[in-house]
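Protein chains: 2
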Amino acid sequence: MSSSGLLEDLVEALRCLPGVGPKSAQRMALHLLQRDRDAARRLGSTLVDAMDRVHHCEQCRIFTENTLCRWCSDPARVSSQLCIVESPADVLAIDRATDFRGKFFLLLGHLSPLDGIGPKDLGLDLLESRLETGGVDEITLATNPTVEGQATARYIGDIAARHGVTVMQIARGVPVGSELEFADGGTLAVAFSHRTRLS
Amino acid sequence: MSSSGLLEDLVEALRCLPGVGPKSAQRMALHLLQRDRDAARRLGSTLVDAMDRVHHCEQCRIFTENTLCRWCSDPARVSSQLCIVESPADVLAIDRATDFRGKFFLLLGHLSPLDGIGPKDLGLDLLESRLETGGVDEITLATNPTVEGQATARYIGDIAARHGVTVMQIARGVPVGSELEFADGGTLAVAFSHRTRLS
Ligand SMILES: [Zn+2]
Ligand SMILES: [Zn+2]
């Protein structure tokens, strides 16, 4: 890259961002140089800082720069209830949308033997030792409603049951506000077999 | 942002990128933390480096970290021909698509009295002193085919004419490979009035 220079290096470097191709990388680089150098410098140093200092919470694997994340270190949250999710975005979504006030446990993926992702990669040894220690009465499985997510949920449910912990799973069914005719067959089948009495 | 932490700072900082809203900023931050920390560190340091060291070429205002850009410093390019463009992306596009082998001059915008953008903001004093010095025989106006771009081209054409420099303008007309019925009326009118004899 010697002949091309720093602008081209920047365009190339921006392509590490998901969904950013050569054209939008170029547009981003020129925009920052022309209009927003201070914000770009701030982004640059924040990137380096975050990559160096953000790691996983010791208890739940959520990203944090501290030993414990803000959920685990929040004394107002109930430690006896644990919600198990696949991705950090799920934590934020559940925190925003529901009234769950327990703690989380983050898998950062799902079981996938073909990709070599086993229980240890999901931190299930950490989860198991936490269940062993006691203090957790109930776990709620909130993995994705996919084949892999469900297999992972079943696997974790078995571990929890062995430790005498109540196992819950978030409901699957037709999404609120959606139209029935657009629901896929699998969702409809689940919604139908999980039907509840109205009154 | 004390309670939210470094991950949230990173999500916020990513929003300086054009076209990046809160959701994609979050997706980018999590992707980098989970999968590409080295690339993210490299992006971070390249950003800071580029913002600190990239400035405008002394001769043509193209972005470079050197005194002269790679076009101005290329002895293989003809100095007597100058192509005038509005944006850095135009330089790259013309360089890629055409056989123009002269040098460029970058306006970084167009005349816009209402926004307070006058000749000096486009570097036209620099351009004029370059024409005065001599050595430029011909300029090609390649500003955008918009009202503002055309007004800017006319203004620059007048300056060049005063210095006895030949003024060319890139052709306007229907885009190659497009279908006539989808061309807008203005383009069609220009294409028609600029029609040329075929043989
Ligand atoms: Zn935690
Ligand atoms: Zn230059």
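If you're matching them up, the sequences are chains Z and Y in order. Per my numbering, residue 27 is the first one in the first sequence, and the count goes up by one each step. Per my numbering, residue 27 is the first one in the second sequence, and the count goes up by one each step. We put the beta carbon where it would ideally sit given N, CA and C, even for glycine. None of the values given here were measured: they were computed from a predicted structure.
Less than 8 angstroms between CB atoms is the rule here; does Thr178 (chain Y) satisfy it with respect to chain Z?
Locating residue 178 (chain Y) in the second sequence gives position 152, counting from the first residue. Chain Z contact via Cβ: absent.
Could you spell out where the alpha helix (DSSP H) holding Leu73 (chain Z) opens and where it closes?
For the purposes of this step, residue 73 (chain Z) is taken as the residue at position 47 of the first sequence. It spans 63 to 79 - the alpha helix (DSSP H) in which Leu73 (chain Z) sits, taken as one unbroken run.
With 16 other CB atoms within 10 Å as the buried threshold, where does Pro48 (chain Y) fall?
The residue given as residue 48 (chain Y) occupies position 22 in the second sequence. Label assigned to Pro48 (chain Y): exposed.
Cα separation between Leu59 (chain Z) and Leu118 (chain Z)?
If you number the first sequence from 1, residue 59 (chain Z) lands on position 33. If you number the first sequence from 1, residue 118 (chain Z) lands on position 92. So the two alpha carbons sit approximately 33 angstroms from each other.
On the premise that Phe130 (chain Y) lies in contact with Cys86 (chain Y), defined as a C-beta separation below 8 angstroms, what is that separation, rounded to the nearest angstrom?
The residue labelled residue 86 (chain Y) in the question sits at position 60 within the second sequence. The residue labelled residue 130 (chain Y) in the question sits at position 104 within the second sequence. Indeed, because the Cβ distance is near 5 angstroms, the residues count as touching under 8 angstroms.
Might you give, ordered along the chain, the residues of its own chain that have their beta carbon closer than 6 angstroms to the beta carbon of Val37 (chain Z), omitting 5 neighbours on each side?
If you number the first sequence from 1, residue 37 (chain Z) lands on position 11. The residues are Ala51, Gln52, Ala55.
Within 7 angstroms: the Cβ of Ile120 (chain Z) and any heavy atom of ligand 2?
Residue numbering aside, residue 120 (chain Z) sits at position 94 when the first sequence is read from its first letter. False, no ligand heavy atom lies under 7 angstroms from that Cβ.
Mind listing the chain Y neighbours of His57 (chain Z)? Cutoff is C-beta to C-beta under 7 angstroms, in chain order.
Translated into positions along the first sequence, residue 57 (chain Z) becomes position 31. Under the 7 angstroms cutoff, chain Y gives Pro44.
Listed from N- to C-terminal order along the chain, which residues in the segment 64 to 92 of chain Y have their beta-carbon within a distance smaller than 7 angstroms of any beta-carbon of chain Z?
Going along the segment 64 to 92 of chain Y in chain order, one finds Ala65, Ala66, Arg67, Arg68, Leu69, Gly70, Ser71, Thr72, Leu73, Val74, Asp75, Ala76, Met77, Arg79, Val80, Phe89, Thr90, Glu91 with a Cβ nearer than 7 angstroms to chain Z.
Of all Cβ atoms in chain Y, is any one closer than 8 angstroms to the Cβ of Arg198 (chain Z)?
Translated into positions along the first sequence, residue 198 (chain Z) becomes position 172. Judged by the 8 angstroms Cβ criterion, Arg198 (chain Z) is not in contact with chain Y.
Examine ligand 2 and report whether any of its heavy atoms sits within less than 7 angstroms of the Cβ of Leu73 (chain Y).
The residue labelled residue 73 (chain Y) in the question sits at position 47 within the second sequence. The answer is no for Leu73 (chain Y).
Do Leu137 (chain Y) and Gly144 (chain Y) come within 8 angstroms of each other at the CB atom, strictly closer than that value?
The residue given as residue 144 (chain Y) occupies position 118 in the second sequence. The residue given as residue 137 (chain Y) occupies position 111 in the second sequence. Yes, the pair counts as a contact, with Cβ atoms nearer than the cut-off.
Just jot down, in chain order, the residues whose CB lies closer than 5 angstroms to any heavy atom of ligand 1.
Those residues are Z:Cys83, Z:Gln85, Z:Cys86, Z:Ile88, Z:Cys95, Z:Cys98, given in chain order.
For Ile88 (chain Y) and Ala115 (chain Y), I'd like the C-alpha separation in whole angstroms.
To locate residue 88 (chain Y), count along the second sequence from 1; it is residue 62. To locate residue 115 (chain Y), count along the second sequence from 1; it is residue 89. Rounded to the nearest angstrom, the two C-alpha atoms are 10 angstroms apart.
Does any residue of chain Z bring its CB to less than 8 angstroms from the CB of Ala215 (chain Y)?
Taking the first residue of the second sequence as 1, we reach residue 215 (chain Y) at position 189. Output row for Ala215 (chain Y): interface = no.
So, using beta-carbon positions, are Thr169 (chain Y) and Val111 (chain Y) closer together than 8 angstroms?
Residue 169 (chain Y) sits at position 143 when you count from the first residue of the second sequence. Residue 111 (chain Y) sits at position 85 when you count from the first residue of the second sequence. For Thr169 (chain Y) and Val111 (chain Y), yes; Cβs fall inside 8 angstroms.
If the cut is a Cβ gap below 7 angstroms, which residues of chain Z does Leu33 (chain Y) touch?
Against the second sequence, residue 33 (chain Y) aligns to sequence position 7. Ordered by position in chain Z, the residues that pass the 7 angstroms Cβ test against Leu33 (chain Y) are Ala76, Val80, Phe89.
In the DSSP assignment, find the unbroken beta strand (DSSP E) run with Gln195 (chain Y) in it and report its ends.
Mapped onto the second sequence, residue 195 (chain Y) falls at position 169. Its beta strand (DSSP E) spans residues 192 to 195.
Which residue wins for smallest C-alpha separation from Gln195 (chain Z), given the options Z:Glu158, Z:Thr93, Z:Glu164?
Within the first sequence, residue 195 (chain Z) is the residue found at index 169, counting from 1. Looking at the Cα atoms, Z:Glu164 is the closest of the given residues.
Applying the 10 Å Cβ sphere with the 16-neighbour rule, what's the burial state of Arg156 (chain Y)?
Counted from its first residue, the second sequence places residue 156 (chain Y) at position 130. Buried, because 16 or more other Cβ atoms sit within 10 Å of the Cβ of Arg156 (chain Y).
So, with DSSP's three-state summary, where would you put His14 (chain Z)?
As shown, chain Z starts at 27 and ends at 225. That puts residue 14 (chain Z) outside it, with no answer to give.
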